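To start, the structure under review is shown below, and the notes come after it.
Numbering (our numbering), first residue to last: 822 to 967.
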């Protein structure tokens with residue numbers, strides 16, 4: 822099963838896909854958002870070219886588990902994805918994924934400018950890999966399919 826992972830942002834979206842066995846996530850080039858139509862065209866091309874069956878989008882719940890303003894934005898975007906592509910959209914807790922991605926890149930020796938270029942892609946990969954690991958029992962998190 823091929824799954825698309827998204828790290829949603831208002832200016833940029835990190836995206837990742839998994840292999841055909843659903844075991845490993847790898848990042849794709851970051852989408853620099855322009856218009857809703859443009860964003861949907863880019864995603865449609867990715868969905869078609871990678872034969873995507875499901876979408877996992879990072880869901881930014883707070884550390885205490887409550888939902889904030891950003892969750893509302895992700896919910897609206899997830900609804901657009903569901904209506905546009907008729908695919909299931911899984912909201913996956915992403916708390917700290919961007920921070921974790923930034924730390925990984927910093928520890929790898931990337932300068933600020935290179936980290937900024939790569940952080941969304943890596944965050945999407947971490948979100949998707951977390952979801953995939955939960956399916957195979959490698960993590961204790963539940964899939965959180967809502």
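Backbone N, C-alpha and C define an ideal beta-carbon position, used for all residues, glycine too. Since the model is a prediction, treat every value here as computed from it, not as a measurement.
- prompt: Considering only the beta carbon of each residue, do residue 945 and residue 843 sit closer than 8 Å?
  reply: Your numbering for residue 945 matches position 124 in the chain shown. Your numbering for residue 843 matches position 22 in the chain shown. No.
Between the CA atoms of residue 846 and residue 863 - distance to the nearest angstrom: Translated into positions along the chain shown, residue 863 becomes position 42. Translated into positions along the chain shown, residue 846 becomes position 25. Spanning the two alpha carbons is a distance of roughly 19 Å.
- prompt: If you compare alpha carbons, which of 924, 840, 859, 956 is closest to residue 834?
  reply: Residue 834 sits at position 13 when you count from the first residue of the chain shown. Of 924, 840, 859, 956, the residue nearest in Cα terms is 859.
- prompt: Nearest-angstrom Cα distance between residue 857 and residue 894?
  reply: On the chain shown, position 36 is the one that residue 857 refers to. On the chain shown, position 73 is the one that residue 894 refers to. Each residue's Cα considered, the two are about 14 Å apart.
- request: Determine the direct distance from the alpha carbon of residue 850 to that of residue 824, and round the result to whole angstroms.
  value: Numbered from its first residue, the chain shown carries residue 824 at position 3. Numbered from its first residue, the chain shown carries residue 850 at position 29. Cα-Cα distance, rounded: 16 Å.
Integer-rounded CB distance, given that residue 949 should sit under 8 Å from residue 837: Position 16 of the chain shown, counting from 1, holds the residue named residue 837. Position 128 of the chain shown, counting from 1, holds the residue named residue 949. Confirmed, Cβ separation roughly 5 Å.
- prompt: According to the neighbour-count rule (16 or more other Cβ atoms, all chains shown, within 10 Å of its Cβ), is residue 881 buried or exposed?
  reply: As a first step, residue 881 is located in the chain shown; it is residue number 60 there, counting from the start. By the 10 Å Cβ count, residue 881 comes out buried.
message: According to DSSP, simplified to helix, strand and coil, what is residue 835?
response: Walking along the chain shown from the start, residue 835 turns up at place 14. It is a strand residue.
- prompt: Would a C-beta distance cut-off of 8 Å place residue 956 and residue 839 closer than the cut-off?
  reply: Residue numbering aside, residue 956 sits at position 135 when the chain shown is read from its first letter. Residue numbering aside, residue 839 sits at position 18 when the chain shown is read from its first letter. Result no, Cβ atoms of residue 956 and residue 839 do not sit closer than 8 Å.
query: From residue 802 to residue 854, what does the alpha carbon distance come to, in whole angstroms?
result: Outside the modelled stretch of the chain, which goes from 822 to 967, sits residue 802, for which no answer is possible.
field: CA nearest to the CA of residue 900, picked from 886, 871, 885, 878
entry: Here residue 900 is taken as the residue at index 79 of the chain shown, counted from 1. Per the Cα distances, 878.
message: In this structure, how does DSSP classify residue 828 when only helix, strand and coil are distinguished?
response: Here residue 828 refers to the residue found at position 7 of the chain shown. Reduced to three states, the DSSP call for residue 828 is strand.
message: Helix, strand or coil for residue 763? Go by DSSP, reduced to three states.
response: This structure cannot settle anything about residue 763, because the visible part of the chain is limited to 822 through 967.
message: Checking 8 Å against the spacing of the C-beta atoms, do residue 873 and residue 902 come in under that value?
response: By 1-based counting over the chain shown, the position of residue 873 is 52. By 1-based counting over the chain shown, the position of residue 902 is 81. No, these two residues do not count as a Cβ contact at 8 Å.
query: With distances taken from CA atoms, which of 958, 830, 915, 939 is nearest residue 885?
result: What you label residue 885 is simply residue 64 of the chain shown in a count that begins at 1. Closest option to residue 885, Cα to Cα, is 915.
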